[in-house]
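Data first, discussion second: the structure below is written as structure tokens.
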Amino acid sequence: MTLGYRRPLYLLAFDHRGSFERDLFGARPPIPPAVRDGIVDAKNIIYEGFTRAVDHGAPPDAAGVLVDEAFGTEVATAAQAAGHLLAMPVEKSGQAEFDFEYGSEFGAHIERFDPTFSKVLVRYNPEGDQQVNARQNDRLAQLTRWLHDSGRTFLFELLVPPTDDQLARCDDSHEWFDRELRPSLVVATIRALQEAGVEPDIWKIEGLETHDDCARVVEQARSGDRDDVSCVVLGRGADEAKVREWIRIAAGVPGFIGFAVGRTLWEDPLRAWLAATVTADQAAATIADRYRELIDLAVTTSGVMAGVRP
């Protein structure tokens, strides 16, 4: 199959599992049935916001949802039936080291839902634990082979956490690390993963502070014969102003085709719903408005994200 994905892509991401349990509902495993039902309801509210956004002009060929099987089966089934773009995670939630959520049965779970994109979230630092990196390389290369042999599209969410030494070099400032060290580490990580046989079609990248940094990431992502590989911006739970800034920066760089943003769009409305200060309908309406506004920003900021082939 041809590697890569070039079309605009605007994902509303709510495949979070552990953070829903822990942060929104204050629960720890084993999860009580009432909490499980509450999480399912919350994800249905987000999906309602998504469908409203599409009904009111979000581009149906570029808008999509990223949702999990554990709490989002109803959403995934509905999205698939409606013909929406659907991304689903393959990884265990909340793990420092990537592993398959369903072990050797990962392929059967992908085939059950037949998502447009199969997604992994991976924490990887090329200067980190080399044994951990090697194990992740092996598992991710296995997934690459399975997905591409099956004609499926691979979405890779890359987080590059600082090592203790790197953070010390930045005076324990995460902001300094993000600005001064992380961009080069992202490039080095992509290179290391490619050399290990890990070949995403789309890289989901933490927001970068300059156009030049974005361009360096795209250059590595598209190195070799990877001309159609693209990148999207992830939200990392940042406030809306910061996410909008990251999207504006990336939008002018050929190779960035959109975003995959979650908590920034839905966390506050869901907290208000849980506190009974707004109805489910009102929460869905707020999510729809925020999602549409982010799409409008991406579309108007750059012809690349609006669909012009870079």
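According to this note's numbering, the residues represented by the sequence shown are 841 to 1150, in order. A virtual CB, placed ideally from N, CA and C, is assigned to each residue, including glycine. Remember, it's a predicted structure, so these values are computed and weren't measured experimentally.
Take W1086 and list the residues in its own chain whose beta-carbon comes closer than 6 Å to its own, dropping the five residues that flank it on each side. In the sequence shown, the residue the question calls residue 1086 occupies position 246. Taken in chain order, the residues that qualify are G1047 and V1073.
Secondary structure of F1158, DSSP reduced to three states: The requested residue 1158 is not part of the displayed model; the chain covers only 841 to 1150.
Nearest-angstrom beta carbon gap, L851 and V905 [assumed within contact, 8 Å]: As a first step, residue 905 is located in the sequence shown; it is residue number 65 there, counting from the start. As a first step, residue 851 is located in the sequence shown; it is residue number 11 there, counting from the start. Their Cβ separation, rounded to whole angstroms, is 7 Å, which keeps V905 and L851 in contact under 8 Å.
What's the call for Y964, buried or exposed, on a 16-neighbour Cβ count within 10 Å? Along the sequence shown, read from residue 1 onward, the residue named residue 964 stands at position 124. Y964 should be labelled buried.
Can you find the residues in the same chain that come closer than 6 Å, C-beta to C-beta, to G889, ignoring five residues on each side of it along the sequence? What you label residue 889 is simply residue 49 of the sequence shown in a count that begins at 1. Same-chain partners within the cutoff: A1124, I1127 and A1128.
Could you pull the start and end residues of the beta strand (DSSP E) that Y850 belongs to? Locating residue 850 in the sequence shown gives position 10, counting from the first residue. Per DSSP, Y850 belongs to the beta strand (DSSP E) from L849 to F854.
Counting pairs of Cβ atoms below 8 Å between the region 1032 to 1044 and the region 1008 to 1017, do you hit three or more? no
Inter-stretch contact (C-beta, 8 Å, three-pair minimum) for the region 949 to 968 and the region 929 to 936: Contact between the region 949 to 968 and the region 929 to 936 is established, with three or more Cβ pairs separated by less than 8 Å.
Tell me the residue span of the beta strand (DSSP E) that contains A1100. As a working mapping, residue 1100 is identified with position 260 in the sequence shown. First-last of the beta strand (DSSP E) with A1100: F1096 to V1101.
List the endpoints of the continuous beta strand (DSSP E) containing I1045. Indexing the sequence shown from 1 puts residue 1045 at position 205. Start and end: I1042 to E1046.
Round the Cβ separation of S1070 and I1097 to the nearest angstrom and send it over; I've been treating them as touching at under 8 Å. The residue labelled residue 1070 in the question sits at position 230 within the sequence shown. The residue labelled residue 1097 in the question sits at position 257 within the sequence shown. Indeed, because the Cβ distance is near 5 Å, the residues count as touching under 8 Å.
Could you tell me which of L926, L1137 and Q982 sits nearest to S944, measuring between CA atoms? Counted from its first residue, the sequence shown places residue 944 at position 104. Comparing Cα-Cα distances from S944 to each of L926, L1137 and Q982, the minimum goes to Q982.
Less than 9 Å between the beta carbons of R1022 and P1002, yes or no? By one-based count along the sequence shown, residue 1022 stands at place 182. By one-based count along the sequence shown, residue 1002 stands at place 162. A contact, by the Cβ cut-off of 9 Å.
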